[in-house]
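Enquirer: Protein chains in written order, with full-length UniProt numbering: chain A, 1 to 209; chain B, 1 to 209. Glycine included, C-beta positions come from ideal geometry on N, C-alpha and C. Keep in mind it's a predicted model, so treat the numbers as computed, not measured.
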DNA sequence: GAAAATAGCTAACAAGTGTACGCCGAAGAA
DNA sequence: TTCTTCGGCGTACACTTGTTAGCTATTTTC
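Put into structure tokens, the structure is as follows:
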């Protein structure tokens, strides 16, 4: 890579990092200004345009990056679980560790999911659907769940996990432990309920899958 | 009430209504400006201060009002259900009707729950806790759920309902119907799972309640 | 009826915003 | 070497924002 492209990449990173740094409990992405981000990145406001068309483009980049980080972490967590221990517990604990160590990344995903930009909402939901789909596959393959039930169950589980992550942001470490245990209990309810529902009369004679 | 206080109340309402009107999929409360709201309400920017200390105070008023609207509606829905039909289905359908006919109110609650103001987050969570508590009571009284399980179950149900409400905002009427059915399925899973968990060995010998 | 209170107004200010334009100097291509 | 490309900068412009200060007309109080 040429020395020029190298420098450009470096500045681009500085912009992304600057934006992530400015996020906090009191500061959402939509409240960031182009000038602030440029200032923190150490460049002139007008130079911003050499890298992104506008703030929205920067934000979408951040969502993609955040989603990737989360997915990679979860994959690692699942591998760690496969050599002994409950997959569900391991996944949940991995997720909570992610929230704990990347609060601003999680905050971005959480807020922009219901934010004012359709492009943002779409991008975040795409990231979340990755999880739902993976969990859906798992439920069908490993837990023998019927198709008519598995997606609903997977989606509900992901919703609960995200919601707990959101609550965790405002809690102390010990409170989080209790929250995690409750979450595991809730997910267990869904697992047992899915099983029970599948065995109930209503679903006995479904033929698909 | 004096003619003066009467006029004041009228203007105050105009401000609240103006703010609600400006909310939309593309516009969040935090993106509203004091001047815009005043303009739409038909008063000078500086007159805003005769009614609210700042935008935050207006916003908190709106959250309280929105929460009240929702609660009243749900109470009606429950009454309607008590004379025949499933309470769960009736409550969920009532909630979805609320989202459908007051999208901006729901959007406010949804977004400020994870917003940048701690006061807002607290206010919205207080509204949501009303539901969780009521459902918790119901689960203990009517479904005979153990205390150790009922709150977790109630909370999970409320989370699922809110999450589906959020999804519904972007959907067409027919898509919402499918979404509602899936939500009912998910809530049923939690109900059956709670029951199953309570009967399982782990909870057999709990003595409280 | 006189005095006090007050909802609303206009004017004004300092601060911050996004973005257009044009220049510069170093890197890359010929 | 010469020419082109391009990342970064400074200046500038037109807007919008929240908030202060002070005035006015009307209602309320005494």
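(1) Counting only Cβ pairs nearer than 9 Å, list the residues of chain B close to residue 12 of chain A.
(2) With 7 Å as the threshold, decide whether the Cβ of residue 197 of chain A is near any Cβ in chain B.
(3) Quick one: measure Cβ to Cβ for residue 163 of chain A and residue 179 of chain A, integer angstroms, because I've assumed they're closer than 8 Å.
(4) Between A:24, A:31 and A:27, which lies nearest to residue 27 of chain B when the distance is taken from Cα to Cα?
(5) Using the C-alpha atoms, what's the distance from residue 132 of chain A back to residue 146 of chain B?
(6) Could you tell me which residues DSSP puts in a beta bridge with residue 24 of chain A?
(7) Measure the alpha-carbon distance for residue 173 of chain A versus residue 110 of chain B and round it to whole angstroms.
(8) Do residue 94 of chain A and residue 62 of chain A count as a contact pair if the criterion is CB distance below 7 Å?
(9) Given a limit of 7 Å on CB to CB distance, which residues of the segment 173-185 of chain A reach chain B?
(10) Looking at the unbroken alpha helix (DSSP H) that takes in residue 149 of chain A, where does it start and where does it end?
(11) For residue 175 of chain B, does the count of other Cβ atoms within 10 angstroms reach 16, so buried, or fall short, so exposed?
(12) Does the beta carbon of residue 233 of chain A sit closer than 7 Å to a beta carbon anywhere in chain B?
(13) Going by other Cβ atoms of all chains shown within 10 Å of its Cβ, with 16 needed for buried, is residue 9 of chain A buried or exposed?
(14) Does DSSP classify residue 51 of chain A as helix, strand or coil?
(15) Under DSSP, the alpha helix (DSSP H) around residue 180 of chain A begins and ends at which residues?
(16) Looking only at its chain, what residues have a beta carbon closer than 8 Å to the beta carbon of residue 54 of chain B, apart from the 5 residues adjacent to it on each side?
(17) The alpha helix (DSSP H) spanning residue 116 of chain B covers which residue range?
(18) Straight-line CA distance for residue 184 of chain B to residue 168 of chain B?
(19) Shorter than 7 Å from the beta carbon of residue 159 of chain A to some beta carbon of chain B?
(20) Since residue 39 of chain B is in the alpha helix (DSSP H), which residue starts that stretch and which ends it?
(21) Given residue 151 of chain A, which residues of its chain have a CB within under 8 Å of its CB, disregarding the five upstream and five downstream residues?
(22) What do you reckon, are the CB atoms on residue 186 of chain A and residue 160 of chain A nearer than 7 Å?
(23) For the UniProt domain "HTH tetR-type" (10-70) of chain A, enumerate the residues whose C-beta is nearer than 9 Å to any C-beta of chain B, in chain order.
(24) Considering only the alpha carbon of each residue, which of B:148, B:100, B:24 and B:58 lies closest to residue 15 of chain B?
(25) Residue 111 of chain A touches chain B at which residues, Cβ-Cβ below 7 Å?
(26) Going by beta carbon distance, what residues of the same chain come within less than 7 Å of residue 102 of chain A, once the five residues before and after it are set aside?
(27) Assign residue 66 of chain A to one of three DSSP states: helix, strand, or coil.
(28) Considering Cα atoms alone, identify which of B:72, B:191, B:99 and B:114 is closest to residue 177 of chain B.
(29) Is residue 96 of chain A helix, strand or coil by DSSP?
(30) How should residue 108 of chain B be labelled, buried or exposed, when 16 other C-beta atoms within 10 angstroms of its C-beta is the threshold for buried?
(31) Give a yes or no on whether the minimum CB-CB distance between residue 139 of chain B and chain A is below 7 Å.
(32) Between residue 120 of chain B and residue 60 of chain B, how many whole angstroms is the CB-CB distance? I'm expecting something under 8 Å.
(33) Can you tell me whether residue 198 of chain B is buried or exposed, with buried defined as 16 or more other CB within 10 angstroms of its CB?
(34) Helix, strand or coil for residue 83 of chain A, going by three-state DSSP, please let me know.
(35) Give the DSSP-derived three-state secondary structure of residue 78 of chain A in the structure shown.
Expert: Taking the definition as stated:
(1) Chain B residues near residue 12 of chain A: none, gap ~26 Å exceeds 9 Å.
(2) For residue 197 of chain A, at least one C-beta of chain B is nearer than 7 Å to its own C-beta.
(3) A Cβ-Cβ separation of about 10 Å leaves residue 163 of chain A out of contact with residue 179 of chain A under the 8 Å criterion.
(4) Ranking the options by Cα distance to residue 27 of chain B, first place goes to A:31.
(5) Approximately 30 Å between the Cα atoms of the pair.
(6) When DSSP reads this structure, residue 24 of chain A sits in a beta bridge with A:27.
(7) One C-alpha to the other measures close to 26 Å.
(8) Cβ atoms of residue 62 of chain A and residue 94 of chain A: not closer than 7 Å.
(9) Residues of the segment 173-185 of chain A with a C-beta less than 7 Å from any C-beta of chain B: 182 and 185, listed in chain order.
(10) From DSSP, the alpha helix (DSSP H) with residue 149 of chain A extends over 147-168.
(11) An exposed status is given to residue 175 of chain B, since fewer than 16 other beta-carbon atoms sit within 10 Å of its beta-carbon.
(12) Examination of residue 233 of chain A is not possible in this model, given that chain A is present from 1 through 209 alone.
(13) It is exposed - the Cβ of residue 9 of chain A has fewer than 16 other Cβ atoms within 10 Å.
(14) Correct three-state label for residue 51 of chain A: coil.
(15) Boundaries of the alpha helix (DSSP H) around residue 180 of chain A: 173-199.
(16) Around residue 54 of chain B: 34.
(17) From DSSP, residue 116 of chain B is part of no alpha helix (DSSP H); its letter is neither H nor E.
(18) Cα-Cα distance, rounded: 14 Å.
(19) For residue 159 of chain A, the closest Cβ of chain B is nearer than 7 Å.
(20) Residue 39 of chain B: member of the alpha helix (DSSP H) spanning 34-41, first to last residue.
(21) Here the set comprises 132 and 136.
(22) Judged by their CB atoms, residue 186 of chain A and residue 160 of chain A are nearer to each other than the 7 Å cut-off.
(23) Those would be 24, 25, 26, 27, 28, 30 and 31, in chain order.
(24) Residue 15 of chain B has its Cα closest to that of B:58, out of B:148, B:100, B:24 and B:58.
(25) Proximity of chain B to residue 111 of chain A at the Cβ level (cut-off 7 Å) is accounted for by 114, in chain order.
(26) Contacts found: 69.
(27) Three-state DSSP puts residue 66 of chain A in a helix.
(28) Closest by alpha carbon: B:99.
(29) In the structure shown, residue 96 of chain A sits in a helix (DSSP, three-state: H, G or I).
(30) Label assigned to residue 108 of chain B: buried.
(31) When Cβ-Cβ separations below 7 Å define contact, residue 139 of chain B makes no contact with chain A.
(32) About 7 Å separates the two Cβ atoms, so the contact holds.
(33) It counts as buried.
(34) In the structure shown, residue 83 of chain A sits in coil (DSSP, three-state: anything other than H, G, I, E or B).
(35) Helix at residue 78 of chain A.
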